[in-house]
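The numbering of the sequence shown is our numbering, which starts it at 5 and goes up by one. For every residue, glycine included, the Cβ atom is placed at its ideal position computed from N, Cα and C.
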Amino acid sequence: PSFPPSSLLISVDLSYNDLTGQLPESIISLPHLKSLYFGCNQHMSDEDTVKLNSSLINTDYGRCKSKK
């Protein structure tokens, strides 16, 4: 899916969805985004963690925290 720059989304959680590939640029660049979680998607590209501006967005950097 594509998200327009006018979107007011502030939090996106894509964790545990068995996603593949990369995060869409339209999600990474949402102007109001404050948190983005995409951990536990084994087949996602590591390139996405480099694109995130961690000083502005709370994120898990795609890491998977094990459940105990």
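- Distance from L23 to I61 at the Cβ level is roughly 18 Å; contact not present, criterion being Cβ atoms closer than 8 Å.
- In this structure, the CA atom of Y65 is about 24 Å from the CA atom of S10.
- Taking a 10 Å sphere around the C-beta of C44, we find 16 or more other C-beta atoms and assign the residue as buried.
- At least 7 Å separates the beta-carbon of F7 from that of S39.
- Taking the Cα of S33 as reference, the smallest distance to any Cα among G25, V16, Q46 and N21 is reached at V16.
- By the Cβ-count criterion, L27 is buried, with 16 or more other Cβ atoms from all chains shown falling within 10 Å of its own Cβ.
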